[in-house]
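In this note's numbering, the protein residues as written are 20 to 179.
All remarks here apply to the structure that follows.
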Amino acid sequence: MNGTPVSEDPWVIRTDFANDKDWIAIKDLIAAPQHADGFEALAYVEYVSDDTFSNLAAAEIVRKLPDTYPQFFCFVVDSHTLTNTEHPVLVVGFYPEGDALDVDDFQRTPRQTPAAEIHTFRALPASVQSIENNLSIANMDFEDFADSVDADGIFRRFTR
Numbered sequence: 020m021n022g023t024p025v026s027e028d029p030w031v032i033r034t035d036f037a038n039d040k041d042w043i044a045i046k047d048l049i050a051a052p053q054h055a056d057g058f059e060a061l062a063y064v065e066y067v068s069d070d071t072f073s074n075l076a077a078a079e080i081v082r083k084l085p086d087t088y089p090q091f092f093c094f095v096v097d098s099h100t101l102t103n104t105e106h107p108v109l110v111v112g113f114y115p116e117g118d119a120l121d122v123d124d125f126q127r128t129p130r131q132t133p134a135a136e137i138h139t140f141r142a143l144p145a146s147v148q149s150i151e152n153n154l155s156i157a158n159m160d161f162e163d164f165a166d167s168v169d170a171d172g173i174f175r176r177f178t179r
């Protein structure tokens with residue numbers, strides 16, 4: 020890994036290297052255009068397949084992200100993603116928290132994130148587009164999605 024993001028897009032990080040075919044299938048599910056209300060939308064993400072991230076937990080992944088990582092969230096394709104029939108991707112958020120935040124809090128590097136500020140939930144690959152599009156422009160907060168998971172802990176979509 021060269022450690023430098025190619026774009027401002029959040030990463031989809033591979034942590035399970037047992038099966039290239041499954042990794043490609045998950046990438047295809049994430050990349051598939053999503054249609055809602057007459058519009059087509061895409062997930063703007065960067066795929067990272069680097070064994071530096073092999074079998075790491077969420078906090079370890081955040082600590083391994085480069086200092087120039089452009090977002091406060093990423094997506095992880097781990098063994099659970101590959102073995103579950105719905106392929107739920109792990110969504111990892113590490114936004115600054117607290118009542119007295121200032122601009123410096125948003126200048127920190129991923130490795131400076133306190134462990135208590137690293138949160139996760141799972142999401143279907145088809146919902147990555149909605150999550151990425153809304154979090155990237157701060158249209159919604161990480162908690163909006165995390166608080167809307169189903170009983171099994173997976174975000175599928177917002178109910179109307």
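Yeah, the Cβ is synthetic: ideal placement off N, Cα and C, and Gly gets one too.
Quick caveat: nothing in here was measured; it's all calculated off a predicted structure.
Put residue i into one of helix, strand or coil per three-state DSSP.
i: L109; result: strand
i: E79; result: helix
i: V147; result: helix
i: A37; result: coil
i: F91; result: coil
i: N74; result: coil
i: I137; result: coil
Grab me the residues of residue i's own chain with a C-beta within less than 7 Å of its C-beta, minus the 5 sequence neighbours each way, in chain order.
i: D28; result: Y63, V64, E65
i: R176; result: S146
For a quick check, are the C-beta atoms of residue i and residue j less than 9 Å apart?
i: V81; j: F113; result: yes
i: F161; j: F91; result: yes
i: R33; j: F72; result: yes
i: H106; j: A44; result: yes
i: V111; j: T128; result: no
i: V122; j: L109; result: no
i: A142; j: F174; result: yes
i: N153; j: F164; result: yes
In chain order, what residues of the same chain lie with their CB nearer than 6 Å to the CB of residue i, ignoring the 5 residues before and after it?
i: L101; result: D35, D41
i: W98; result: The identity of residue 98 in the sequence shown is Ser, whereas the question assumes Trp. Around S98: D35.
i: T178; result: none
Name, in chain order, the residues that DSSP records as bridge partners for residue i.
i: Y114; result: For Y114, which the question treats as bridged, DSSP gives no partner whatsoever.
i: A142; result: V108, F174
i: W30; result: E65
i: H99; result: None, per the DSSP bridge assignment.
i: E180; result: In the structure displayed, the chain extends from 20 to 179; residue 180 sits before or after that span and is not available.
Mark residue i as exposed unless 16 or more other C-beta atoms lie within 10 angstroms of its C-beta, in which case mark it buried.
i: P144; result: buried
i: S149; result: buried
i: T104; result: exposed
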